[in-house]
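Participant: Handing you a structure now.
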Amino acid sequence: SFGRSERSDGIIGIMWAAGMAFGIILLDLTPGYNVDLMSYLFGSLLAVPTSDIWFMLLLDVFILAVVLFWYKDFLSLSFDMEFARSTGVPVRMLYVLMQVMTAVTVVMVIQVAGLILVIALLTIPPMLAELFTNSLWKTMALATLASLFFCLCGLAVSYHLDLTSGASIIAVATTGYVLAWSGRSLWRRT
């Protein structure tokens, strides 16, 4: 990152997801191309069974409840594990809980959204949010809203241009991040 405030792991994730998305869009525009491989990489957002939607909704409610209940402990744990331990935070239990929640969420969502969209939505919205706030709570809220916005806009682009939905969502998210980063950089110069 060489003196930049952005995390290099996040930038690599954005570039990888964006490259894959734009490559898939080019394949979508190629006449006669079979998109069977795309279902694993980008999922099948428009063919999600109702049972999966209900399970994801319950999982969302559970994760939201856990995060709200232990928010201050997660905040402490995220920034300084030793400090959290010294203040009595159950570090090991919360760390394992956070890893399990992340793993279950990723496994569930990969089946629906595909590997590349999962990586993109775990990377791009938080990176965008971190451009505008240093608060964990505000980062989570802004990243959630950005994810919703990117998904809705990407689905609209996908529908109107007859493109793969996952690739369209990632293309919109990447474009949104680049515009936000550029706008912030220009704003800071003035």
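The letter at position 188 of the sequence shown is residue 189 when you use this note's numbering, and the numbering goes up by one with no holes. In this text, a Cβ means the ideal position worked out from N, Cα and C, and glycines have one as well. Predicted model only: the values in this text are computed from it and were never measured.
Give the DSSP-derived three-state secondary structure of W71 in the structure shown.
Facilitator: Coil, per DSSP.
Participant: Report yes if the CB atom of V107 is closer than 9 angstroms to the CB atom of L95, and no otherwise.
Facilitator: For V107 and L95, no; Cβs fall outside 9 angstroms.
Participant: Output the residue ranges of the alpha helix (DSSP H) runs that lie fully inside the region 51-134 and measure 4 residues or longer, sorted by chain position.
Facilitator: The qualifying runs are 51-70, 72-80, 82-87, 92-114 and 116-131.
Participant: Take the Cβ of L46 as the centre, count every other Cβ of all protein chains shown within 10 Å, and call the residue buried at 16 or more, exposed below.
Facilitator: It counts as buried.
Participant: So for L30, helix, strand or coil by DSSP?
Facilitator: DSSP places L30 in coil when its eight states are reduced to three.
Participant: By the three-class DSSP mapping on this structure, what secondary structure does G44 have?
Facilitator: G44: coil per DSSP, three-state reduction.
Participant: Need the endpoints of the alpha helix (DSSP H) that S260 sits in, please.
Facilitator: There is simply no residue 260 to check, as the chain begins at 2 and stops at 191 in what is shown.
Participant: In the structure shown, what three-state DSSP assignment does L49 receive?
Facilitator: According to the sequence displayed, residue 49 carries Val and not Leu. Here V49 sits in coil by DSSP.
Participant: Give me the Cβ distance between D155 and A181, rounded to the nearest whole Å; I'm assuming they're in contact under 8 angstroms.
Facilitator: Note that residue 155 corresponds to Gly in the displayed sequence, not to Asp. Between A181 and G155 the Cβ distance is about 16 angstroms, and since that is not below 8 angstroms, they are no contact.
Participant: Just the Cα atoms here: how many angstroms apart are S71 and T31?
Facilitator: Checking the sequence, you will find Trp at residue 71 rather than Ser. Cα-Cα distance, rounded: 49 angstroms.
Participant: Three Cβ pairs or more, each shorter than 8 angstroms: is that satisfied between the region 83-100 and the region 137-148?
Facilitator: Segments in contact, no.
Participant: Grouping DSSP H, G and I as helix and E and B as strand, with all else coil, what is G20?
Facilitator: Of the three classes helix, strand and coil, the one that applies to G20 here is helix, per DSSP.
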